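Residue numbers (our numbering): 298 to 618.
Quick look at the structure:
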């Protein structure tokens, strides 16, 4: 496994005192799926054919597991479990160690996520696209759920999986139903408020929808939206928008009203964003890099690592603020 850290010259422009986000580190690696631990002190990433644990304060791997085949993808992390997939099945890594007793041999997996009841899987075979909810009997999945452009969000409490594709926005739970006919939406689920945040990529229109698809509010953001994510249990949504100068701005908005609560500048607006369940850590995923940030706002104290990590590769290079 090869990895490294590199100083990002532009990062200082995203770390002015006005920002709520504090840059912590960068992982220099091509990743295939990234998820954050509940406290945000670790990231879990598929890279160089292995599933790694990354210290987000230092950006270096501290553990790795080599799952079957070299096409591993991290699909989710929840309550100490990392869910990874390969062309041969679904696998669980607990505390950096592969739990072979949880292996689920299965081909054609498109999406795997964790809920309070178990695992949700979307898979494709010669007979069609299927949704498997918590080890139940497979049912026919929503239109477009197995397409390459499908976006997913999960309600961990109910096991409902939401999918957005060129065929519209759908929910898959006790029943499969269409919530919107709009195509190719960005989506995120707020577990605290039990609602969906949706936006057409490249537009400046952000909405919140009920689980049934009813609009709760709509606002105009500060620029074209490139990514969004719910902020853990804070009842907030984080929206990445592109600014006029081509950089990025991460807007923190109230989940009940859509009102802007904070705004942080970052060097890039492209790529995906992931947020820890605790809401303190943000990962900006780009080709060749994952940049980690922590929030400096709020009355609560953000989790802090007790000691420096023991990196598993002595050739790593470290970047910290």
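The beta-carbon is built from N, C-alpha and C at its ideal position, and this holds for glycine as well.
None of the values given here were measured: they were computed from a predicted structure.
Between which residues of its own chain and residue i is the CB-CB distance below 7 Å, once the five residues before and five after are set aside?
{"i": "residue 373", "result": "332, 380, 409, 410 and 411"}
{"i": "residue 316", "result": "561 and 562"}
CA-CA distance, residue i and residue j?
{"i": "residue 609", "j": "residue 348", "result": "13 Å"}
{"i": "residue 534", "j": "residue 557", "result": "10 Å"}
{"i": "residue 472", "j": "residue 604", "result": "47 Å"}
{"i": "residue 511", "j": "residue 389", "result": "35 Å"}
{"i": "residue 528", "j": "residue 575", "result": "8 Å"}
{"i": "residue 428", "j": "residue 439", "result": "8 Å"}
{"i": "residue 393", "j": "residue 478", "result": "41 Å"}
{"i": "residue 355", "j": "residue 601", "result": "12 Å"}
{"i": "residue 588", "j": "residue 451", "result": "24 Å"}
{"i": "residue 298", "j": "residue 593", "result": "Its pLDDT being 40, under 50, residue 298 is placed unreliably in this model, and the coordinates cannot settle the point."}
{"i": "residue 426", "j": "residue 402", "result": "17 Å"}
{"i": "residue 555", "j": "residue 483", "result": "16 Å"}
{"i": "residue 599", "j": "residue 424", "result": "48 Å"}
{"i": "residue 364", "j": "residue 397", "result": "10 Å"}
{"i": "residue 547", "j": "residue 391", "result": "31 Å"}
{"i": "residue 446", "j": "residue 499", "result": "15 Å"}
{"i": "residue 339", "j": "residue 523", "result": "25 Å"}
{"i": "residue 432", "j": "residue 583", "result": "33 Å"}
{"i": "residue 322", "j": "residue 375", "result": "22 Å"}
{"i": "residue 353", "j": "residue 514", "result": "34 Å"}
Kindly give me the distance between the Cβ atoms of residue i and residue j, rounded to whole angstroms, as I take these residues to be in contact under 8 Å.
{"i": "residue 383", "j": "residue 359", "result": "No, residue 383 and residue 359 are not in contact; Cβ-Cβ is about 22 Å, not under 8 Å."}
{"i": "residue 606", "j": "residue 357", "result": "6 Å"}
{"i": "residue 525", "j": "residue 536", "result": "5 Å"}
{"i": "residue 330", "j": "residue 371", "result": "3 Å"}
{"i": "residue 545", "j": "residue 565", "result": "5 Å"}
{"i": "residue 468", "j": "residue 508", "result": "7 Å"}
{"i": "residue 458", "j": "residue 417", "result": "5 Å"}
Excluding the 5 residues preceding and the 5 following residue i in the sequence, name in chain order all residues of the same chain whose CB lies nearer than 6 Å to its CB.
{"i": "residue 490", "result": "532 and 552"}
{"i": "residue 449", "result": "408 and 460"}
{"i": "residue 344", "result": "326 and 328"}
{"i": "residue 422", "result": "405"}
{"i": "residue 573", "result": "333 and 337"}
{"i": "residue 395", "result": "362"}
{"i": "residue 474", "result": "468"}
{"i": "residue 305", "result": "Summary for residue 305: the model assigns pLDDT 40, below 50, so the residue's position carries little reliability; its value from the coordinates is reported in the next sentence. 323."}
Considering only their Cβ atoms, is the gap separating residue j from residue i smaller than 9 Å?
{"i": "residue 518", "j": "residue 502", "result": "yes"}
{"i": "residue 400", "j": "residue 386", "result": "yes"}
{"i": "residue 470", "j": "residue 430", "result": "yes"}
{"i": "residue 465", "j": "residue 480", "result": "yes"}
{"i": "residue 488", "j": "residue 453", "result": "yes"}
{"i": "residue 578", "j": "residue 336", "result": "yes"}
{"i": "residue 327", "j": "residue 568", "result": "no"}
{"i": "residue 441", "j": "residue 414", "result": "no"}
{"i": "residue 463", "j": "residue 444", "result": "yes"}
Are the C-beta of residue i and some C-beta of chain C separated by less than 9 Å?
{"i": "residue 608", "result": "Absent from the structure: chain C. Only one protein chain is present."}
Apart from the five residues on each side of it in sequence, which residues of its chain come closer than 8 Å, Cβ to Cβ, to residue i?
{"i": "residue 351", "result": "324, 339, 340, 341, 342, 357, 358, 359 and 587"}
{"i": "residue 570", "result": "524, 525, 526, 535, 537, 547, 579, 580, 581 and 582"}
{"i": "residue 530", "result": "488, 489, 574, 575 and 576"}
Spell out a yes or no on whether the segment 477-495 and the segment 538-547 are touching, meaning 3 or more CB-CB pairs, one atom from each, closer than 8 Å.
no
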